Amino acid sequence: MKKMLKVLLVLMTVVSIAGCSSKTTTEKATKKTKTLSGNYQVEIKVKDYGTIYAEIDADTAPITVTNFVKLSKEKFYDGLTFHRIIDGFMIQGGDPKGDGTGGSKETIKGEFSDNGVKNPLSHTRGALSMARSQDNDSASSQFFIVQSDSTYLDGQYAVFGYVYEGMDIVDQICKDVKVEDNNGTVKKENQPVIESIRCKKI
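Numbering (mature numbering (1 follows the signal peptide of the UniProt record, and there is no 0)) for the sequence shown: -18 to -1, 1 to 184.
What follows is the structure, encoded as structure tokens:
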């Protein structure tokens, strides 16, 4: 019973991310940028912790990867934080407001099966996935890195790649950072800082 309650709580945590832009914004965002293909290496440099390396898959999640690469090129993520941390579940970041309610100026289509998009990537340890609100097409800039297998999220959120080096950093962040509640809220002064995110074609 306690385990099920925790599952429901963490699911609610991810669902609660704000993202109230319309589908019209989503469609415009897609048209403005040429959709990418292939795989990209991602380097997420976290202040005082080191660099997390991931590979993201534009063939499986082209809209999501295109958006993520675009934001990284614009240096949108530089200086932002991981504002929500739940040990045994995930770390979440990419919000310019640092409180779970912010994003970029654009939203994107959710690339997952519940939204009519085939995406076989699973929320296993190391997965990179997009946070969103209850609107399937509300993902913007916030993303999370899965610390422990959370496959119950499959089909509901867009996984777009996996960490291949640096999960020890994720584990250390989960261990070190003090949270304020069961939702993983972190005071701004305690939020780990994302110094930079850089992407390059493999």
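By construction, the Cβ of each residue, glycine as well, lies at the ideal position given by its N, Cα and C atoms. Quick caveat: nothing in here was measured; it's all calculated off a predicted structure.
By the neighbour-count criterion, in which a residue is buried when 16 or more other Cβ atoms sit within 10 angstroms of its Cβ, residue 98 is exposed. Judged by DSSP in its simplified three-state form, residue 164 adopts coil rather than helix or strand. Residues of the same chain with a CB within less than 6 angstroms of the CB of residue 118, apart from the 5 flanking positions on each side, are 92 and 97 in chain order. Pairing residue 51 with residue 108 gives a Cβ-Cβ distance that is not under 8 angstroms. Under DSSP, residue 173 shares a beta bridge with no residue. Residue pairing of residue 72 in beta bridges, as defined by DSSP: 68 and 128. Sequence-distant partners of residue 159 (beyond 5 residues in either direction) whose C-beta falls short of 7 angstroms from its own C-beta, in its chain, are 67, 168, 172 and 174.
An exposed status is given to residue 164, since fewer than 16 other beta-carbon atoms sit within 10 Å of its beta-carbon.
Closest in C-alpha terms to residue 131, from the list 116, 111 and 122, comes 111.
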